[in-house]
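Numbering (our numbering), first residue to last: 4 to 179.
Backbone N, C-alpha and C fix where the C-beta goes; we use that ideal spot for every residue, glycine too.
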């Protein structure tokens with residue numbers, strides 16, 4: 004069943020108002036009353052859809068990352084072709100670059116944590132064996148940590164971190 008068009012329009016207005024405010028303000032300074040004024044709604048309407056500003060931000064962040072993940076055609080290649088996987092992550096993230104830049108400005112740790120969570124949800128199932136769970140958690144966490152601290156914040160290029168990480172993942176997977 005299709006969602007009520009009024010609800011769709013209201014949520015869209017709230018999201019757009021929130022993003023407009025986030026362009027100029029950190030998350031902690033965005034207020035519900037400002038979102039409501041920008042979206043031309045009242046507070047009760049906002050609270051009908053979201054618990055608070057942080058709930059809205061969290062849902063919007065997840066929605067944007069879901070869209071990036073859907074656009075990522077190599078999402079199943081982490082263990083079989085890690086160089087292709089890691090090398091194409093930036094292109095997938097660029098599909099929603101503007102929204103990512105706004106939502107995660109000054110919050111790169113949150114971005115990487117959410118990417119890691121998305122990957123774990125994709126790769127791990129209820130049937131995943133203990134050793135595979137640990138291996139995947141190690142690989143995903145290690146790759147994300149290396150990208151975050153060595154490429155994004157640190158002394159090495161993204162390409163170098165990608166190549167070395169891919170070789171390490173390949174060696175780990177071959178030992179199974």
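Quiz item: So residue 78 and residue 87 are in contact, right, with Cβ under 8 Å, and what is the actual spacing, rounded?
Solution: Not really, about 11 Å apart at Cβ, beyond 8 Å.
Practice problem: Taking only the alpha-carbon atoms, compute the straight-line gap between residue 101 and residue 28 and give it to the nearest angstrom. | Solution: 15 Å
Quiz item: With 16 as the cutoff for other CB atoms within 10 Å, does residue 11 come out buried or exposed?
Solution: exposed
Quiz item: Looking at the structure shown, is residue 143 part of a helix, part of a strand, or coil, going by DSSP?
Solution: helix
Quiz item: Buried or exposed: where does residue 137 fall if 16 or more other Cβ atoms within 10 Å of its Cβ makes it buried?
Solution: exposed
Quiz prompt | For residue 153 and residue 145, the rounded distance between their alpha carbons | solution = 11 Å
Practice problem: Give the secondary structure of residue 91 by DSSP, where H, G and I count as helix, E and B as strand, and everything else as coil. | Solution: helix
Quiz item: Going straight from the alpha carbon of residue 16 to that of residue 83, what length do you get?
Solution: 42 Å
Self-check item: Test item: CB-CB of residue 85 and residue 172 under 7 Å
Solution: yes
Self-check item: Nearest neighbour of residue 108, chosen from 60, 69 and 48 [CA to CA]
Solution: 60
Quiz item: For the alpha helix (DSSP H) that residue 13 lies in, which residues bound it at each end?
Solution: 8-25
Quiz item: Do residue 22 and residue 37 have their C-beta atoms closer together than 7 Å?
Solution: no
Practice problem: Report all residues from its chain with a CB closer than 7 Å to the CB of residue 96; omit the five preceding and five following residues, and keep chain order. | Solution: 71 and 103
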